[in-house]
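S.K.: Letter by letter, the sequence shown follows residues 871 to 1249 of the working numbering.
A virtual CB, placed ideally from N, CA and C, is assigned to each residue, including glycine.
As the structure is a prediction and not an experimental result, all values here were calculated from the model.
I have a structure here, written as structure tokens, and I will follow up with some questions on it.
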Amino acid sequence: MTSANPNSPIDVIVLGAGAAGLLCAIEAGRRNRRVLLLDHAEKAGKKILISGGGRCNFTNLHTRPENFLSANPHFAKSALARYTPADFLALIHQHNIPFHEKTLGQLFCDRSAHDIVTMLEHECAQANVRTLLGTTITSVTKDEAAHFRVETSAGTFHSTSVVVATGGLSIPKMGATGLGYEIARHFGLNIIPTRPALVPLVFNPEDTNDWCDLSGLSAEVIATAAPAPTKARNPRANSTPAFREKLLITHRGLSGPAILQASSYWHPGQPIHIDLAPTLNVMKPMLASVAPVQSSARAQVFAPVRALPRRDLNAAYDLLRIILPARMAERWLTLHPPPDWTNPGIAAFEQRLHTWTITPAGTEGYAKAEVTAGGVDTA
Ligand SMILES: Cc1cc2nc3c(=O)[nH]c(=O)nc-3n(C[C@H](O)[C@H](O)[C@H](O)COP(=O)(O)OP(=O)(O)OC[C@H]3O[C@@H](n4cnc5c(N)ncnc54)[C@H](O)[C@@H]3O)c2cc1C
């Protein structure tokens, strides 16, 4: 951290030393702007340090504009055209940071997310960025000469440009505030209503009774917040993506990558559809027919119901054990036993596995959300 004198000339004040603020400060410094980076935290990049379970999933090789949930899809197109995953990878290589691809193009640090923060701090120093931490920002105004005036606990700073990178509302314990939205409103910018996203879902009371004692169990599923399958002429017309990854039962509801992804498309009162048996492919999974699966993995025929050795509950349990953890399989059978062993009965049993529908009571909120959906209108 370097100290900043309120009287020394500044071209750009960057508010917030998170991932966005650090990268922006580096870029402005490289363009020979005199940059001051401010944050009320005692350490830059705190959220980066907890990201990706402490190893920071710093980019995805398959990043496309379509992967971004936005009211203005063009914003992601132009932003990604100007800065690609390959650009960030070049920086990673330059700093000799070891990394690996986990699944689906996700790149993680081999050692720790500290490598990323150290890299960004080093680049800031190289670009002569002055950083002032432990500094609370109270207001941003503009004077008659179109200069910005930034009031902080460390004094008043003036500049010709201000970048607001104070982030969203997720994880207030890590320093998140609504300052960015207040500044945006002050300058007349539209705010799209915010909501927690990439967030665990909370069961309604009935599902809590049925499932929460199994917290810690996980299974590979396909999850989507899409409306229930209908006989509409074009069922894809209003589909949302389906995510084939792990589901995790928690002591309050559901989490895991598949649920976190689907949660970003979820609105209160809406159901979540879960295919609990994507590898079981006797009947075509209904979910796959309403929404494109965002995964390179494809369903494979694993254990057709027709191959059941005995037409009894033990046989159904043997089958379920192949696709679900033992206690989850037992619970499913208790809650949804096959109606009978006629062909339609078997089909109904399997279809139910492909179309588990829950209506969550809510989300775990900003305290647990990885990101905030909505916010400053990019249009
Ligand atoms: C548990 C978890 C895991 C995640 N994993 C990943 C992952 O693996 N990969 C990935 O890409 N993303 C991940 N994310 C999301 C990612 O961390 C965030 O999207 C990203 O860090 C946001 O960066 P930002 O700079 O926009 O905001 P922030 O990192 O929130 O930075 C904003 C900064 O502004 C400061 N600030 C706010 N208000 C004020 C104020 N009033 N005065 C002064 N300073 C202020 C804050 O202290 C903060 O330092 C994860 C998030 C969480 C919570």
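1) Determine the DSSP secondary structure at residue 1031, reduced to helix, strand or coil.
2) Just to confirm the assignment, what range does the alpha helix (DSSP H) spanning residue 956 have?
3) Give me, in chain order, the residues of the same chain whose beta-carbon lies closer than 8 Å to that of residue 1016; leave out the 5 immediate sequence neighbours on both sides.
4) In terms of alpha-carbon separation, which member of 884, 937, 889 lies closest to residue 1253?
5) Once you ignore the five residues that flank residue 1045 on each side, which residues in its own chain have a CB closer than 7 Å to its CB?
6) Could you check whether the Cβ of residue 1240 sits closer than 6 Å to any heavy atom belonging to ligand 1?
7) Mind checking residue 1073: buried by the 16 CB within 10 Å criterion, or exposed?
8) When we look at the beta-carbon of residue 1070 and count the other beta-carbons within 10 Å, is it buried (16 or more) or exposed?
9) Report whether the distance from the Cβ of residue 1062 to the nearest heavy atom of ligand 1 is below 6 Å.
10) Using C-beta distances below 6 Å, list every residue in its chain close to residue 1242, excluding the 5 sequence neighbours before and after it, in chain order.
11) Closer than 6 Å to a non-hydrogen atom of ligand 1 - does that hold for the CB of residue 939?
12) Whole angstroms is fine: what's the gap from residue 1219's alpha carbon to residue 1188's?
13) What residues in its chain sit with their C-beta under 8 Å from that of residue 881, if we drop five residues either side in the sequence?
14) For the alpha helix (DSSP H) containing residue 1213, name the first residue and the last one.
15) Roughly how many angstroms separate the alpha carbons of residue 1115 and residue 1126, rounded to a whole number?
16) Cβ-heavy atom distance between residue 1134 and ligand 1 below 6 Å?
17) Helix, strand or coil for residue 1239, going by three-state DSSP, please let me know.
18) Does the beta carbon of residue 951 sit closer than 7 Å to a beta carbon anywhere in chain D?
19) Restricting to runs no shorter than 3 residues, where is the beta strand (DSSP E) found entirely within the segment 896-983?
20) What is the DSSP secondary structure of residue 1050, reduced to helix, strand or coil?
21) With residue 1199 as the anchor, note down where its alpha helix (DSSP H) starts and where it stops.
22) Considering only C-alpha positions, which residue in the set 1033, 1201, 990, 968 is nearest to residue 982?
23) Can you give me the C-alpha to C-alpha distance between residue 1207 and residue 1221, rounded to a whole angstrom?
24) Is the beta carbon of residue 921 within less than 6 Å of some heavy atom of ligand 1?
25) Is residue 891 helix, strand or coil by DSSP?
26) Per DSSP, what kind of secondary structure is residue 1146 in: helix, strand or coil?
27) Suppose you measure from the CA of residue 1248 to the CA of residue 945; what does that come to, to the nearest Å?
28) If you compare alpha carbons, which of 901, 1003, 1050, 892 is closest to residue 989?
29) Is residue 986 helix, strand or coil when you go by DSSP?
30) Quick one: is residue 929 buried, meaning 16 or more other Cβ sit within 10 Å of its Cβ, or exposed?
31) Is the number of C-beta pairs between the segment 919-936 and the segment 945-956 that are closer than 8 Å three or more?
32) For residue 1092, write down the residues that DSSP places opposite it in a beta bridge.
33) Heavy atom of ligand 1 less than 6 Å from the Cβ of residue 1204, yes or no?
34) In terms of residue numbering, what span does the alpha helix (DSSP H) encompassing residue 1129 cover?
35) My assumption, with CB atoms under 8 Å, is that residue 1095 sits in contact with residue 1117. Please give the rounded CB distance.
36) Buried or exposed: which applies to residue 1113, given that a residue is buried once 16 or more other Cβ atoms fall within 10 Å of its Cβ?
M.R.: In short, the structure shows the following:
1) Counted from its first residue, the sequence shown places residue 1031 at position 161. If DSSP states are grouped into helix, strand and coil, residue 1031 belongs with the strands.
2) Within the sequence shown, numbered from 1, the residue matching residue 956 stands at position 86. Per DSSP, residue 956 belongs to the alpha helix (DSSP H) from 955-964.
3) Counted from its first residue, the sequence shown places residue 1016 at position 146. The answer, listed in chain order, is 1030.
4) With the chain covering 871 to 1249 only, the question about residue 1253 has no answer from this structure.
5) In the sequence shown, counting from the first residue as 1, residue 1045 sits at position 175. Cβ neighbours of residue 1045 beyond the five flanking positions: 910, 911, 916.
6) As a position in the sequence shown, residue 1240 is number 370, starting the count at 1. Checking the Cβ of residue 1240 against ligand 1 gives yes.
7) Walking along the sequence shown from the start, residue 1073 turns up at place 203. Looking at its Cβ environment, which holds 16 or more other Cβ atoms inside 10 Å, residue 1073 is buried.
8) By 1-based counting over the sequence shown, the position of residue 1070 is 200. Counting Cβ neighbours within 10 Å, residue 1070 comes out buried, since at least 16 surround it.
9) Position 192 of the sequence shown, counting from 1, holds the residue named residue 1062. No, the beta carbon of residue 1062 sits no closer than 6 Å to any heavy atom of ligand 1.
10) For this step, residue 1242 is matched to residue 372 along the sequence shown. Excluding positions up to five away in sequence, the list reads 1038, 1039, 1040, 1064.
11) Position 69 of the sequence shown holds residue 939. Residue 939 Cβ: outside cutoff for every heavy atom of ligand 1.
12) If you number the sequence shown from 1, residue 1219 lands on position 349. If you number the sequence shown from 1, residue 1188 lands on position 318. About 14 Å.
13) One-based indexing of the sequence shown puts residue 881 at position 11. Closer than 8 Å at the Cβ level, and outside the excluded window around residue 881, lie 898, 903, 904, 905, 1029, 1030, 1031.
14) Position 343 of the sequence shown, counting from 1, holds the residue named residue 1213. Segment 1213-1224, the alpha helix (DSSP H) holding residue 1213.
15) The sequence position of residue 1115 within the sequence shown is 245, counting from 1. The sequence position of residue 1126 within the sequence shown is 256, counting from 1. Each residue's alpha carbon lies about 8 Å from the other.
16) Here the question's residue 1134 lines up with position 264 in the sequence shown. Answer for residue 1134: no, Cβ out of range of ligand 1.
17) Taking the sequence shown and counting its residues from 1, the one referred to as residue 1239 is at position 369. Residue 1239 falls in the coil class under three-state DSSP.
18) No chain D is part of this structure, which consists of one protein chain only.
19) 905-908, 927-930, 969-971, 976-979
20) Looking up residue 1050 in the sequence shown gives position 180. Looking at residue 1050 - three-state DSSP - the assignment turns out to be helix.
21) One-based indexing of the sequence shown puts residue 1199 at position 329. Segment 1196-1205, the alpha helix (DSSP H) holding residue 1199.
22) Taking the first residue of the sequence shown as position 1, residue 982 is located at position 112. That would be 968, whose Cα lies nearest to the Cα of residue 982.
23) Position 337 of the sequence shown, counting from 1, holds the residue named residue 1207. Position 351 of the sequence shown, counting from 1, holds the residue named residue 1221. Using only the alpha carbons, I get a separation of about 12 Å.
24) Here residue 921 corresponds to residue number 51 of the sequence shown, with the count starting at 1. Yes; taking the cut-off as 6 Å, the Cβ of residue 921 has a heavy atom of ligand 1 nearer than that.
25) Translated into the one-based positions of the sequence shown, residue 891 becomes position 21. In the structure shown, residue 891 sits in a helix (DSSP, three-state: H, G or I).
26) As a first step, residue 1146 is located in the sequence shown; it is residue number 276 there, counting from the start. Note: residue 1146 maps to coil in three-state DSSP.
27) For the purposes of this step, residue 1248 is identified with residue 378 of the sequence shown, where counting begins at 1. For the purposes of this step, residue 945 is identified with residue 75 of the sequence shown, where counting begins at 1. Taking the straight line joining both Cα atoms gives about 7 Å.
28) Counting from 1 along the sequence shown, the entry for residue 989 is found at position 119. Looking at the Cα atoms, 892 is the closest of the given residues.
29) Counted from its first residue, the sequence shown places residue 986 at position 116. Note: residue 986 maps to helix in three-state DSSP.
30) Indexing the sequence shown from 1 puts residue 929 at position 59. Per the 10 Å Cβ criterion, buried.
31) yes
32) Looking up residue 1092 in the sequence shown gives position 222. Paired residue(s): 1114, 1145.
33) In the sequence shown, counting from the first residue as 1, residue 1204 sits at position 334. Outside the cutoff, so no.
34) On the sequence shown, residue 1129 is found 259 positions in, with the first residue counted as 1. Segment 1127-1133, the alpha helix (DSSP H) holding residue 1129.
35) In the sequence shown, residue 1095 corresponds to position 225, counting from 1. In the sequence shown, residue 1117 corresponds to position 247, counting from 1. Actually they are not in contact, since the Cβ atoms of residue 1095 and residue 1117 sit about 14 Å apart, beyond 8 Å.
36) The sequence position of residue 1113 within the sequence shown is 243, counting from 1. Buried is the call here.
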